[in-house]
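Q:
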Amino acid sequence: MKNKNLLNTFAKNSLIILWCIIICTSFSWYFTYHVAKTNYEAISEIMVLNKPADSALKDDQPQETELILELLASLAIVNDFQTIILSDVILDKVKEQLVSKYSWASKISLADLRKNIDVNIKNDTRILKISAFDTNPQHAAIMSNTVKAIFTTFAQKLTLQKLIIPIKNAEIPNTPSFPYPKRFISLSIIIGFLTGLILTMYISRRPT
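This note's numbering runs 39 ahead of the 1-based position in the sequence shown.
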């Protein structure tokens with residue numbers, strides 16, 4: 040009799056946990072495929088040199104102090120360039136070029152570009168990653184490459200030196216950067232399991 044009661048309790052608790060998992064997974068699936076807006080990320084990269092690419096050293100070997108100063112200066116330039124890329128000076132030129140070439144870009148505003156363009160520095164490098172986000176993967180790649188091209192030209196005119204080397208063109212992404220179906224559904228299963236577990240513990244401790 041006791042074993043039968045334990046078996047019934049186990050079956051009841053398992054059913055509660057299973058229902059919680061199904062409910063959480065259903066909500067996650069609905070949000071992922073019917074509510075969340077699919078976004079794609081395209082990334083291009085540029086490298087900031089600490090001196091012009093075609094410059095030659097006058098001395099046989101630069102002094103250690105000079106190397107440190109050059110490194111510090113280049114890191115400062117990288118940070119400056121990161122800010123400049125996201126400025127209206129650059130984004131306005133990006134918008135102008137996009138509108139002149141693509142009909143879909145006529146609806147893009149500066150506010151949209153500020154929201155959908157991001158620039159990050161790779162750790163311990165002088166490489167800037169220019170990310171563009173859009174619901175259309177091809178548009179994302181075009182925007183990233185346009186920002187890269189315009190800023191490269193702008194930086195050369197600004198410094199009168201070739202300090203920027205494009206090292207990676209943005210490619211059309213195959214998979215969205217958001218939402219993450221596998222991650223969301225896996226997380227919903229865990230949440231459903233924990234919710235069901237807490238619910239069964241609450242029911243078992245409730246006075247009969």
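All C-beta atoms, glycine included, are put in the ideal place defined by N, C-alpha and C.
(1) Do you know offhand how far K249's Cα is from N159's?
(2) Going by Cα to Cα distance, which pick from D127, S142, R244, G235 is closest to K57?
(3) L167 to Q121, Cα distance in whole Å?
(4) If you drop the 5 nearest sequence neighbours on each side, which residues of the same chain put their C-beta closer than 7 angstroms to that of V117?
(5) Please work out which residues of its chain come closer than 6 angstroms, Cβ to Cβ, to P176, disregarding the five sequence neighbours upstream and downstream, and give them in chain order.
(6) Keeping to the same chain, check which residues put their C-beta closer than 8 angstroms to that of K97; ignore five residues upstream and five downstream.
(7) Which class does Y79 belong to by DSSP, given the choice of helix, strand or coil?
(8) Locate the alpha helix (DSSP H) running through A144, then write down its first and last residues.
(9) What are the start and end residues of each continuous beta strand (DSSP E) run of 3 or more residues lying completely inside the segment 114-180, in chain order?
(10) Per DSSP, what are the beta-bridge partners of V87 in this structure?
(11) When you compare only the Cα positions, how much space is there between N208 and T71?
(12) Hey, T77 and S227 are a contact pair by Cβ (cut 8 angstroms); roughly how many whole angstroms apart?
(13) Buried or exposed: which applies to S170, given that a residue is buried once 16 or more other Cβ atoms fall within 10 Å of its Cβ?
A: Inspection of the coordinates gives the following:
(1) Outside the modelled stretch of the chain, which goes from 40 to 247, sits residue 249, for which no answer is possible.
(2) The count along the sequence shown starts at 1 and reaches residue 57 at position 18. Looking at the sequence shown, residue 57 is not Lys but Leu. When each option's Cα is compared against that of L57, the closest is G235.
(3) If you number the sequence shown from 1, residue 167 lands on position 128. If you number the sequence shown from 1, residue 121 lands on position 82. Approximately 7 angstroms, taken between the alpha carbons.
(4) Here residue 117 refers to the residue found at position 78 of the sequence shown. Excluding positions up to five away in sequence, the list reads V87, I160, R165, L167.
(5) Locating residue 176 in the sequence shown gives position 137, counting from the first residue. Cβ neighbours of P176 beyond the five flanking positions: Y79, I211, P212.
(6) Looking up residue 97 in the sequence shown gives position 58. At K97 the pLDDT is 48, less than 50, meaning the model places this residue with poor confidence and gives no usable figure here.
(7) By 1-based counting over the sequence shown, the position of residue 79 is 40. Y79 falls in the strand class under three-state DSSP.
(8) One-based indexing of the sequence shown puts residue 144 at position 105. That residue, A144, is in no alpha helix (DSSP H); it is neither H nor E in DSSP.
(9) 156-160, 166-173
(10) As a working mapping, residue 87 is identified with position 48 in the sequence shown. For V87, which the question treats as bridged, DSSP gives the partners I203.
(11) Working through the sequence shown from its first residue, we reach residue 208 at position 169. Working through the sequence shown from its first residue, we reach residue 71 at position 32. Rounded to whole angstroms, N208 to T71 spans 30 angstroms at the Cα level.
(12) Along the sequence shown, read from residue 1 onward, the residue named residue 77 stands at position 38. Along the sequence shown, read from residue 1 onward, the residue named residue 227 stands at position 188. 18 angstroms between Cβ atoms; not a contact.
(13) For the purposes of this step, residue 170 is identified with residue 131 of the sequence shown, where counting begins at 1. Buried, by the Cβ-count rule.
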